[in-house]
Amino acid sequence: MARKRKPSGQGYKRRQIDIREPLQRFLIVCEGERTEPNYFSGFRVPSVRIKIVGKGKDPLKLVNHALKLRGKNRYDQVWCVFDKDDVSPDRFNQALTLAKQHKIKAAYSNQAFELWYLLHFHYNDTAMSRSDYINRLSRHLGRRYQKNDSALYQVLLSQQADAIQNAARLLEQYEPQNPAVDDPSTTVHLLVQELSQFTRRYS
Numbered sequence: 072m073a074r075k076r077k078p079s080g081q082g083y084k085r086r087q088i089d090i091r092e093p094l095q096r097f098l099i100v101c102e103g104e105r106t107e108p109n110y111f112s113g114f115r116v117p118s119v120r121i122k123i124v125g126k127g128k129d130p131l132k133l134v135n136h137a138l139k140l141r142g143k144n145r146y147d148q149v150w151c152v153f154d155k156d157d158v159s160p161d162r163f164n165q166a167l168t169l170a171k172q173h174k175i176k177a178a179y180s181n182q183a184f185e186l187w188y189l190l191h192f193h194y195n196d197t198a199m200s201r202s203d204y205i206n207r208l209s210r211h212l213g214r215r216y217q218k219n220d221s222a223l224y225q226v227l228l229s230q231q232a233d234a235i236q237n238a239a240r241l242l243e244q245y246e247p248q249n250p251a252v253d254d255p256s257t258t259v260h261l262l263v264q265e266l267s268q269f270t271r272r273y274s
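In structure tokens:
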């Protein structure tokens with residue numbers, strides 16, 4: 072006598088299908104060799120593969136280097152991270168124009184990347200020197216700020232939403248925008264938002 076088969080779903084565990092979004096590949100090419108790479112290394116998400124390169128080049132050379140790296144591999148997003156610092160306005164804006172022409176996104180800071188850190192603590196629309204940034208960050212952190220501190224991503228993570236809001240507010244005050252002279256200003260929050268959306272989705 073033939074054995075009766077159990078109705079589907081009774082007595083058997085249905086095999087769950089693991090559906091994941093396609094892996095995202097980011098290339099982040101940084102002007103700084105350690106500060107920015109250390110920070111962005113804090114983003115660790117299963118669905119995102121991030122290649123971070125710190126080159127120590129000025130903005131225009133950095134964008135050209137990103138173009139070379141992109142030509143060797145496939146990336147979903149390519150970003151250049153750089154500061155205004157002492158770069159001439161013409162060269163700074165040339166870097167932004169070249170990046171836009173080749174669909175490379177720029178996370179720039181005028182004057183320094185430390186502006187992004189400071190915005191985690193409060194809104195700031197006052198231009199200041201690099202030493203002023205260091206002193207203010209040291210007060211907020213309760214210890215001497217170190218550029219190459221690999222723990223800063225985790226230290227600042229709880230205030231990241233505030234920093235994004237402050238950076239967006241700061242950028243909106245410039246109309247029309249002229250990145251080379253808009254001091255202080257930053258678009259680092261745009262890159263952070265792109266990475267954070269995957270962090271939230273897979274946390």
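Each residue of the sequence shown is one higher than the one before, starting from 72 at the first, in our numbering.
In this text, a Cβ means the ideal position worked out from N, Cα and C, and glycines have one as well.
Am I right that residue 180 and residue 155 are in contact with their C-beta atoms under 8 Å? What's the rounded C-beta distance?
7 Å
What does the alpha-carbon distance come out to for the pair residue 112 and residue 161?
31 Å
Using the C-alpha atoms, what's the distance from residue 105 back to residue 126?
9 Å
To the nearest angstrom, how far is the alpha carbon of residue 223 from that of residue 184?
13 Å
Please list, in chain order, all residues of the same chain as residue 216 whose beta carbon is under 6 Å from its beta carbon, the five residues on each side excluded.
Closer than 6 Å at the Cβ level, and outside the excluded window around residue 216, lie 205, 208, 209.
Going by beta-carbon coordinates alone, are residue 256 and residue 250 separated by less than 8 Å?
yes
Measure from the alpha carbon of residue 241 to the alpha carbon of each residue in 228, 144, 261, then state which is nearest.
261
With a threshold of 6 Å on Cβ separation, who are the neighbours of residue 234 within its own chain once the five nearest residues in sequence on each side are excluded?
190, 191
Excluding sequence positions up to five away, which residues of its chain have a Cβ less than 6 Å from the Cβ of residue 263?
none
With H, G and I counted as helix, E and B as strand and the rest as coil, what does DSSP make of residue 205?
helix
Would a C-beta distance cut-off of 8 Å place residue 141 and residue 120 closer than the cut-off?
no
Quick check on the DSSP output: the beta strand (DSSP E) that includes residue 120 runs from which residue to which?
119-125
When the Cα of residue 174 is compared with those of 193, 253, 147, which residue comes out closest?
Of 193, 253, 147, the smallest CA-CA separation from residue 174 is found for 147.
Buried or exposed for residue 182, going by 16 or more other Cβ atoms inside 10 Å?
buried
Between residue 227 and residue 188, which are expected to be in contact by the criterion C-beta below 8 Å, what is the C-beta distance as a whole number of angstroms?
7 Å
Would you report the Cα separation of residue 270 and residue 115, rounded to the nearest angstrom?
8 Å
Among 159, 268, 149, 193, which has the Cα closest to the Cα of residue 170?
149
Starting from the N-terminal side, write out each stretch of the beta strand (DSSP E) that is 3 residues or longer and does not extend beyond the region 126-174.
The qualifying runs are 148-154.
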